[in-house]
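Quick note: to get the working numbering, add 636 to the position in the sequence shown (first position is 1).
The structure appears below as structure tokens.
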Amino acid sequence: MVNGFNPNSLRQALEIRAANDVIPYAGGTDLMIGEQHPGSYLFLHAVPELKRVYLEDGILHLGAGCTFTELLEHPLTPALLKEALSQIAAPAIRNEGTIGGNIGNGSAKADSALIFFVADASLKLESSTGTRILPIRDFYIGRKQLALHPDELITEVLLPLRWLDGYVYQKVAARKALAISRISFVGLLTLDNGVIAHCATAFGAVSDVVIRRPEIDSMLIGKSVEQVKAIRSDYLAAYDKAIVPTRGRVSSEYRKAVCLNLLLDFLNHYEI
Ligand SMILES: Cc1cc2nc3c(=O)[nH]c(=O)nc-3n(C[C@H](O)[C@H](O)[C@H](O)COP(=O)(O)OP(=O)(O)OC[C@H]3O[C@@H](n4cnc5c(N)ncnc54)[C@H](O)[C@@H]3O)c2cc1C
637 MVNGFNPNSL RQALEIRAAN DVIPYAGGTD LMIGEQHPGS YLFLHAVPEL
687 KRVYLEDGIL HLGAGCTFTE LLEHPLTPAL LKEALSQIAA PAIRNEGTIG
737 GNIGNGSAKA DSALIFFVAD ASLKLESSTG TRILPIRDFY IGRKQLALHP
787 DELITEVLLP LRWLDGYVYQ KVAARKALAI SRISFVGLLT LDNGVIAHCA
837 TAFGAVSDVV IRRPEIDSML IGKSVEQVKA IRSDYLAAYD KAIVPTRGRV
887 SSEYRKAVCL NLLLDFLNHY EI
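Set out below in structure tokens:
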């Protein structure tokens, strides 16, 4: 028997969260695995505000309670996010699993979080006393450690839609389907008249937190393809230093080598 609260508005959910020691429960696809948690759950499936998807000033607001299937079927969801979501697990998990749960789980293997990192998305965090907006990079502070206050919920992902059209996404896993990422990579690149207008990369499942290093990617921005060819080895060397894999099921040497190969494939894809 699972105990819990069943709010039907965000306000009610936040009041319950403030007054009780509860665990937010969205789809339960992470929570129901492994040991049973002590205490009560705060069930979020009937909170309509967490299901909203809307566009405002070029930012796509995605309700944290949206399931992967709902976003796969939504006309505003960008192709890159759809590609990543379509490779998560199988339909049964995609029908229940939510983006809020994917982020709230705190794992660097979370496939939707990788896309939110590369796009420099922010999170809307709400409590009964206020709202704050935090870049996703500042939300993950270590292995399974999140900058979420005990009275807060993740209520939205704020996804800037700029620069998402040109991308390379790769999920490396033990199987083609129903498999957790062993390494995941996404690279965004926009060329404008032969000049790199934007470049961003992110590596998942390698370290405690998704690796996103804008200061390295900025080496390429504003340069022509020819100029980038000249500094390509410096760029790769900078990532060689920045990628420090943690020990996992597969060796850190393997993961480092795969990351660098994926980065190389990304550059080759754009012939730079
Ligand atoms: C068979 C299987 C295959 C899987 N394959 C993949 C895969 O390929 N890729 C992948 O990324 N994941 C995968 N997962 C993991 C899981 O499905 C996802 O992480 C999913 O997004 C979790 O969402 P949920 O709504 O079920 O979260 P829940 O289990 O409900 O919650 C997960 C965590 O997030 C917290 N939480 C939930 N909502 C909020 C909120 N609004 N605010 C604050 N905290 C919140 C919960 O308290 C909990 O700590 C798989 C799981 C299974 C069982």
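Every residue, glycine too, gets a C-beta built ideally from N, C-alpha and C.
According to DSSP, residues forming a beta bridge with residue i
| i | result |
| --- | --- |
| Cys835 | Leu825 |
| Glu762 | Thr767, Leu789 |
| Leu794 | His697, Ser758 |
| Leu680 | None, per the DSSP bridge assignment. |
| Gly640 | Tyr677 |
| Ile739 | Paired residue(s): none; Ile739 is not in a bridge. |
| Ile652 | Its beta-bridge partners do not exist; DSSP assigns none. |
| Val658 | Ser676 |
| Gln806 | Phe821 |
| Gln781 | Gly778 |
| Thr734 | Thr703 |
| Val689 | Leu698 |
| Ile847 | Phe839 |
Same chain, Cβ closer than 7 Å to residue i, neighbours up to 5 away in sequence not counted
| i | result |
| --- | --- |
| Thr734 | Ala662, Gly663, Ala700, Gly701, Cys702, Thr703 |
| Ala720 | Asp747, Ser748, Leu750, Ile751, Tyr805 |
| Arg798 | Gly694 |
| Leu770 | Ser758, Leu759, Leu761, Ala783 |
| Asp666 | Gly737, Asn741 |
| Pro714 | Leu797, Leu800 |
| Pro660 | Leu678, Leu680, Gly740, Leu789 |
| Ile669 | none |
| Leu650 | Glu762, Ser763, Ser764, Leu789 |
| Phe775 | Leu759, Leu782, Ala783 |
| His710 | Val689 |
| Asp876 | Leu896 |
| Phe753 | Ile772, Arg773, Ala838, Val846, Arg848 |
| Val658 | Phe641, Ile652, Gly675, Ser676, Tyr677, Leu678 |
| Arg779 | Asp844 |
| Ser860 | Gly830, Val831 |
| Asn904 | none |
| Ile777 | Ala783 |
Residue from the options with nearest C-alpha to residue i
| i | options | result |
| --- | --- | --- |
| Asn897 | Cys835, Asn829, Lys807 | Lys807 |
| Gly858 | Leu784, Leu770, Ile832 | Ile832 |
| Glu907 | Leu667, Gly884, Cys895, Leu825 | Leu825 |
| Cys895 | Pro771, Ile867, Thr837 | Thr837 |
| Leu899 | Gly840, Leu872, Arg885 | Leu872 |
| Pro674 | Asn639, Glu792, Leu691, His905 | Asn639 |
| Ser843 | Leu691, Ala744, Leu646 | Ala744 |
| Ala893 | Ile879, Phe902, Gly884, Arg885 | Ile879 |
| Ser645 | Leu686, Gln672, Val658, Asp657 | Leu686 |
| Leu827 | Glu862, Ile847, Leu794 | Glu862 |
| Asn656 | Gly802, His905, Ser676, Pro711 | Ser676 |
| His697 | Leu712, Thr705, Val683, Pro684 | Leu712 |
| Ala755 | Arg768, Gly766, Arg773, Pro643 | Arg773 |
| Gly802 | His834, Gly884, Arg883 | His834 |
| Ala810 | Val864, Arg849, Val886, Ser860 | Val886 |
| Arg891 | Ile847, Asn829, Phe753, Val864 | Ile847 |
| Ile852 | Val845, Ala841, Val864 | Val864 |
| Glu792 | Thr767, Asn904, Gln648, Ile724 | Thr767 |
| Glu706 | Gly778, Pro727, Pro850 | Pro727 |
| Val683 | Gly884, His905, Leu795, Pro643 | Pro643 |
| Thr882 | Asn904, Arg818, His905, Pro850 | Arg818 |
| Leu795 | Ala725, Ile777, Leu716, Pro850 | Leu716 |
Residues near residue i by beta carbon distance below 8 Å, same chain, minus five either side
| i | result |
| --- | --- |
| Leu708 | Lys718, Leu721, Ser722, Arg730 |
| Met855 | Ile867, Asp870, Tyr871, Ala874 |
| Phe902 | Val804, Phe821, Gly823, Leu825, Thr837 |
| Glu732 | Gly663, Gly664, Thr665, Thr703 |
| Pro850 | Asp756, Ala836 |
Neighbourhood of residue i by C-beta distance below 6 Å, restricted to the same chain and skipping five residues each side
| i | result |
| --- | --- |
| Phe641 | Ile652, Leu678 |
| Pro786 | none |
| Ile816 | Lys745 |
| Ala654 | Ser764, Asp787 |
| Ser888 | Pro881 |
Quick one: complete alpha helix (DSSP H) runs, 4+ long, within the stretch 851-906?
861-878, 888-905
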